[in-house]
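Q: Attaching a single structure in structure tokens format; questions to follow.
Numbering (the working numbering), first residue to last: 846 to 1070.
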């Protein structure tokens, strides 16, 4: 088990640790990297313009409340581009929903299903991650921090590529029965940091509603350490 293993990137099982890259789902955006300085992208630090209401604002979204001993933060502002801002917002919701499913111990949680394209790689990944925690008897504790988000148009129609850094150094697994932190190996501090890529596609029928298609990540990525 990894001392600094955090939900949804690596599972806590000793023999079946599941990295983002192990999902195997292919996408036209699978090799997208976090844009560096000088690349064309809508950075999340940009000041958002006045938001124009969309059909997505009227959606009855699933409510997700977390216990006091677990916190997930997104340290960024939305980009000024409306599509980029909406895609980033629903990418956040997808990430939160996976962890909510783990907290609730529900591999069929309606929360993550609200933010995925059915039968997509992002769907399989979310369900598998939650199932591994359920099978292991683990929940979550500590703080999962996400930062340095960037958004750019994808190659496929109606897609946006969301990239960000993920810091798992202060988040841990929690034994469901004892309530104690699951601890163990993992001596390299860089293993707690990931560069994450999410491909989001806008709903064909609801303007401003984005769903996850695929998720990928690189452990110890230089831009996120």
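C-beta atoms are modelled at their ideal positions from N, C-alpha and C, and glycine is treated no differently. Remember, it's a predicted structure, so these values are computed and weren't measured experimentally.
Rounding to the nearest angstrom, what Cα-Cα distance links residue 976 and residue 928 in this structure?
A: Cα to Cα, residue 976 sits roughly 32 Å from residue 928.
Q: Pair every Cβ in the region 916-925 with every Cβ in the region 985-995, then say whether three or more of these pairs are closer than 8 Å.
A: Contact check between the region 916-925 and the region 985-995: three or more CB pairs, one atom from each, fall below 8 Å, which counts as touching.
Q: Can you tell me which of 1061, 960, 925 puts its alpha carbon nearest to the alpha carbon of residue 1011?
A: Among 1061, 960, 925, the Cα nearest to that of residue 1011 belongs to 1061.
Q: For the ligand SAM, is there any heavy atom lying closer than 8 Å to the beta carbon of residue 1020?
A: Ligands displayed in this structure: none; no statement on the ligand SAM is therefore possible.
Q: Just to check my reading of the structure: residue 1022 and residue 986 have Cβ atoms closer than 8 Å, yes? What is that Cβ distance to the nearest angstrom?
A: Not really, about 14 Å apart at Cβ, beyond 8 Å.
Q: Let me make sure I understand the geometry here. Which of 931, 983, 904, 938 has the alpha-carbon closest to that of residue 948?
A: 983
Q: May I have a chain-ordered list of the alpha helix (DSSP H) segments no shorter than 4 residues that lie completely inside the region 973-1030?
A: none
Q: Taking 6 Å as the limit between beta carbons, can you name the residues of its chain near residue 1041, skipping five residues before and five after?
A: Same-chain partners within the cutoff: 1009, 1011, 1062.
Q: Identify every residue that forms a DSSP beta bridge with residue 957.
A: Answer is none; residue 957 lacks a bridge partner.
Q: Classify residue 963 as buried or exposed, calling it buried when 16 or more other Cβ atoms lie within 10 Å of its own Cβ.
A: exposed
Q: Report the start-end ranges of each beta strand (DSSP E) in the region 901-939 that is 3 residues or longer and not cut off at the edges.
A: Whole beta strand (DSSP E) segments, 3+ residues: 915-920.
Q: Does the distance from the C-beta atom of residue 1052 to that of residue 936 stay below 9 Å?
A: Annotated as distal: residue 1052 and residue 936, with beta-carbon spacing of 9 Å or more.
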